[in-house]
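In order, the protein sequence lines correspond to chains A and B. For the first sequence, position 2 (counting from the first letter as 1) is numbered 80 according to this note's numbering, and the numbering increases by one without interruption. For the second sequence, position 51 (counting from the first letter as 1) is numbered 129 according to this note's numbering, and the numbering increases by one without interruption.
Protein chains: 2
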Amino acid sequence: MDDHSDTLLFLTDEQLRRAIEAMFFAYRGFTADPDRILAARGYGRAHHRAIHFIHRTPGTTVNNLLGILGVTKQSLNRVLRTLVEDGLVDSRIGTRDRRERHLTLTQDGETLEAELSTAQRARMRAAFREAGPGAVAGFRTVLEHMMDPEQRRHFAAVRDGER
Amino acid sequence: MDDHSDTLLFLTDEQLRRAIEAMFFAYRGFTADPDRILAARGYGRAHHRAIHFIHRTPGTTVNNLLGILGVTKQSLNRVLRTLVEDGLVDSRIGTRDRRERHLTLTQDGETLEAELSTAQRARMRAAFREAGPGAVAGFRTVLEHMMDPEQRRHFAAVRDGER
DNA sequence: CTTGGAATGTCAACAAGGCTGACGTAGTTT
DNA sequence: AAACTACGTCAGCCTTGTTGACATTCCAAG
């Protein structure tokens, strides 16, 4: 706001604006490779998100996924239905609570997930390599602090759960 | 892939997957504040993008904007029309080439832009503050290398032009 | 045991914002 | 004069978000 904040943080409004634009362009690059793979199959971003988190937490329920993705159940359901119909996702009625549907990737689903993930990781890895090892920690810290608290909880939960 | 790549890059596939998720959640946080402001006026992400880049490059042409945003003119036109109708954007016929339309924000447009930008910068600033000054450079380097080459050219052009 | 409410998931209809294709109208270039 | 370029628009489609209504299932209170 004033000279002090600039001095203390080493950040002018102009620098922040550039960071904002970098975020915008980078996110497009971030999804570009998966989007090409998905488009070839008639899928979109929403399918990728579902596939990613089902892979991450096999057996997760629809409700659980809703919390992570932050969309309505109707919206998710449409995507999920096509994935189940196409044999990429398995939806099994819960044994303990028969209202729940437990979601897992089929073998075909895992294959697509690997394809998407490999492409995306390759780009990430290249970006990290060029930025140097020191940048990685800082990058993740900044991203983590940019999340909403609720999103951050999800993130931390996934992180800890996968240890 | 093997132990060597881990050792050389300090990056396991698992670390990369976490970075991918961090990117996903962070981008949502990144747009959350503007989205609230926009929604109150009946606008969406597309309006923000147009407003941002018109502010950034006052007098830019429609064609120019199309290249930056990477959408079709039909799609952009819909957004632009509402912004002009609502008195946030001024579309003036070019003097040198009268086929072109030069776009600038009106006073009202600048007001909204400031509101959106302030909210977004505040979150960025907070994230950077918590990550520490060393993280800022690394963060931007990683983002820059994550872009497609074409996107990166646009980014560099904006960066150099605004000096 | 039954009944009412809460949780879970599905179907229907609508809106925003992408897309392609076709076309019109200026203005510019050759 | 002809061709090309910049922009706008109409029509129609797709994805992915939304709300509302509804069926099923579970659980807890009476």
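Backbone N, C-alpha and C define an ideal beta-carbon position, used for all residues, glycine too. None of the values given here were measured: they were computed from a predicted structure.
Exercise. Would DSSP call R113 of chain A helix, strand or coil?
Worked result: In the first sequence, counting from the first residue as 1, residue 113 of chain A sits at position 35. Before going further, note that residue 113 of chain A is Asp rather than Arg in the sequence given. Note: D113 of chain A maps to helix in three-state DSSP.
Exercise. Since V157 of chain A meets chain B, which of its residues come closer than 7 Å, beta carbon to beta carbon?
Worked result: The sequence position of residue 157 of chain A within the first sequence is 79, counting from 1. Result: empty, since nearest Cβ-Cβ is about 16 Å, beyond 7 Å.
For this session: Step through the CB atoms of chain A and report whether any lies within less than 7 Å of the CB of L89 of chain B.
Result: Numbered from its first residue, the second sequence carries residue 89 of chain B at position 11. It does: the Cβ of L89 of chain B has a partner Cβ on chain A nearer than 7 Å.
Problem set entry | Contacts that L94 of chain B makes with chain A (C-beta to C-beta distance below 7 Å) | Stepping through the second sequence from its first residue, residue 94 of chain B is reached at position 16. Neighbours of L94 of chain B on chain A, chain order: R199, M202 and R203.
Problem set entry | Residue from B:R95, B:R156, B:L190 and B:N155 with nearest C-alpha to L47 of chain B | With chain B covering only 79 through 241, there is no way to say anything about residue 47 of chain B.
Problem set entry | Per-residue DSSP class, three states only, for D175 of chain A | Taking the first sequence and counting its residues from 1, the one referred to as residue 175 of chain A is at position 97. Reduced to three states, the DSSP call for D175 of chain A is coil.
For this session: Less than 8 Å between the CB atoms is what I'm expecting for A100 of chain B and L221 of chain A, so what's the real figure, rounded?
Result: Here residue 100 of chain B refers to the residue found at position 22 of the second sequence. Here residue 221 of chain A refers to the residue found at position 143 of the first sequence. Yes, they are in contact, since the Cβ atoms of A100 of chain B and L221 of chain A sit about 4 Å apart, within 8 Å.
Exercise. Going along chain A, which residues have a C-beta under 9 Å from S195 of chain B?
Worked result: On the second sequence, position 117 is the one that residue 195 of chain B refers to. Going along chain A in sequence order, the residues near S195 of chain B (Cβ under 9 Å) are D91, L94, R95 and I98.
Problem set entry | Beta-bridge pairing of R170 of chain B - partner residues as DSSP gives them | Working through the second sequence from its first residue, we reach residue 170 of chain B at position 92. Bridge partners of R170 of chain B: B:H180.
Exercise. Excluding sequence positions up to five away, which residues of its chain have a Cβ less than 8 Å from the Cβ of L147 of chain B?
Worked result: Within the second sequence, the letter at position 69 stands for residue 147 of chain B. For L147 of chain B, where only same-chain residues beyond five positions count, the Cβ hits under 8 Å are R127, A128, F131 and L154.
Exercise. Which residues does DSSP pair with T138 of chain A in a beta bridge?
Worked result: Locating residue 138 of chain A in the first sequence gives position 60, where the first residue counts as 1. Answer is A:L181, bridged to T138 of chain A.
Exercise. Quick check: the segment 117-124 of chain A against the segment 169-176 of chain A, are there 3 or more CB pairs under 8 Å?
Worked result: no
Exercise. What is the DSSP secondary structure of M202 of chain B, reduced to helix, strand or coil?
Worked result: Locating residue 202 of chain B in the second sequence gives position 124, counting from the first residue. DSSP places M202 of chain B in helix when its eight states are reduced to three.
Exercise. Are the C-beta of G165 of chain B and some C-beta of chain A separated by less than 7 Å?
Worked result: What you label residue 165 of chain B is simply residue 87 of the second sequence in a count that begins at 1. No - not a single Cβ of chain A is within 7 Å of the one on G165 of chain B.
Problem set entry | G216 of chain A: first and last residue of the uninterrupted alpha helix (DSSP H) it sits in | Taking the first sequence and counting its residues from 1, the one referred to as residue 216 of chain A is at position 138. First-last of the alpha helix (DSSP H) with G216 of chain A: P211 to M224.
Exercise. Closer than 9 Å, Cβ to any Cβ of chain B: which residues of the segment 120-136 of chain A, in chain order?
Worked result: R127, H130, F131 and R134
For this session: Work out the CA separation of D186 of chain A and R96 of chain A for me, nearest whole Å.
Result: By 1-based counting over the first sequence, the position of residue 96 of chain A is 18. By 1-based counting over the first sequence, the position of residue 186 of chain A is 108. Cα to Cα, R96 of chain A sits roughly 41 Å from D186 of chain A.
Exercise. Where do the N-terminal and C-terminal ends of the alpha helix (DSSP H) with L158 of chain A fall, by residue?
Worked result: In the first sequence, counting from the first residue as 1, residue 158 of chain A sits at position 80. Unbroken alpha helix (DSSP H) run through L158 of chain A: K151 to E163.
Problem set entry | Close beta carbons around G107 of chain A, own chain, < 8 Å, minus the five adjacent residues each side | Stepping through the first sequence from its first residue, residue 107 of chain A is reached at position 29. Residues R201 of the same chain have their beta carbon placed closer than 8 Å to that of G107 of chain A, with the five preceding and five following residues left out of the count.
For this session: Could you pull out every residue in the same chain whose Cβ sits closer than 7 Å to the Cβ of P112 of chain A, ignoring the five residues on either side in sequence?
Result: Counting from 1 along the first sequence, the entry for residue 112 of chain A is found at position 34. These residues qualify, in order along the chain: H126, L194, A197 and Q198.
Exercise. Given that a residue counts as buried once 16 or more other Cβ atoms are within 10 Å of its Cβ, and exposed if not, what is R218 of chain A?
Worked result: On the first sequence, position 140 is the one that residue 218 of chain A refers to. With 16 or more other Cβ atoms within 10 Å, it is buried.
Problem set entry | Top-ranked residue by Cα proximity to F206 of chain A, from A:T90, A:N141, A:A104 and A:L89 | As a working note, residue 206 of chain A is residue 128 in the first sequence. That would be A:A104, whose Cα lies nearest to the Cα of F206 of chain A.
Exercise. G212 of chain B touches chain A at which residues, Cβ-Cβ below 7 Å?
Worked result: Numbered from its first residue, the second sequence carries residue 212 of chain B at position 134. In chain order: G216.
Exercise. L89 of chain A by DSSP, collapsed to three states: which one?
Worked result: Working through the first sequence from its first residue, we reach residue 89 of chain A at position 11. It is coil, neither helix nor strand.
Problem set entry | Distance, L161 of chain A Cα to E208 of chain B Cα | On the second sequence, residue 208 of chain B is found 130 positions in, with the first residue counted as 1. On the first sequence, residue 161 of chain A is found 83 positions in, with the first residue counted as 1. The alpha-carbon atoms of E208 of chain B and L161 of chain A are separated by roughly 40 Å.
Exercise. With G137 of chain B and T184 of chain B assumed to form a contact (beta carbons below 8 Å), what rounded beta-carbon distance in angstroms separates them?
Worked result: As a working mapping, residue 137 of chain B is identified with position 59 in the second sequence. As a working mapping, residue 184 of chain B is identified with position 106 in the second sequence. About 13 Å separates the two Cβ atoms, so there is no contact after all.
Exercise. Are there 16 or more other CB atoms within 10 angstroms of the CB of A235 of chain A, so buried, or fewer, so exposed?
Worked result: Numbered from its first residue, the first sequence carries residue 235 of chain A at position 157. Looking at its Cβ environment, which holds fewer than 16 other Cβ atoms inside 10 Å, A235 of chain A is exposed.
For this session: Measure from the C-beta of G107 of chain A to each C-beta in chain B and report whether the shortest distance is under 7 Å.
Result: For the purposes of this step, residue 107 of chain A is taken as the residue at position 29 of the first sequence. Yes, its Cβ sits closer than 7 Å to a Cβ of chain B.
Problem set entry | Three-state secondary structure assigned by DSSP to R127 of chain A | Here residue 127 of chain A is taken as the residue at index 49 of the first sequence, counted from 1. R127 of chain A: helix per DSSP, three-state reduction.
Problem set entry | G187 of chain A, DSSP secondary structure in three states | Taking the first residue of the first sequence as position 1, residue 187 of chain A is located at position 109. If DSSP states are grouped into helix, strand and coil, G187 of chain A belongs with the helices.
For this session: Please name the residue, chosen from A:L94, A:H133 and A:T139, that lies closest to R177 of chain A on a Cα-to-Cα basis.
Result: Looking up residue 177 of chain A in the first sequence gives position 99. Taking only the C-alpha atoms, the option nearest R177 of chain A is A:T139.
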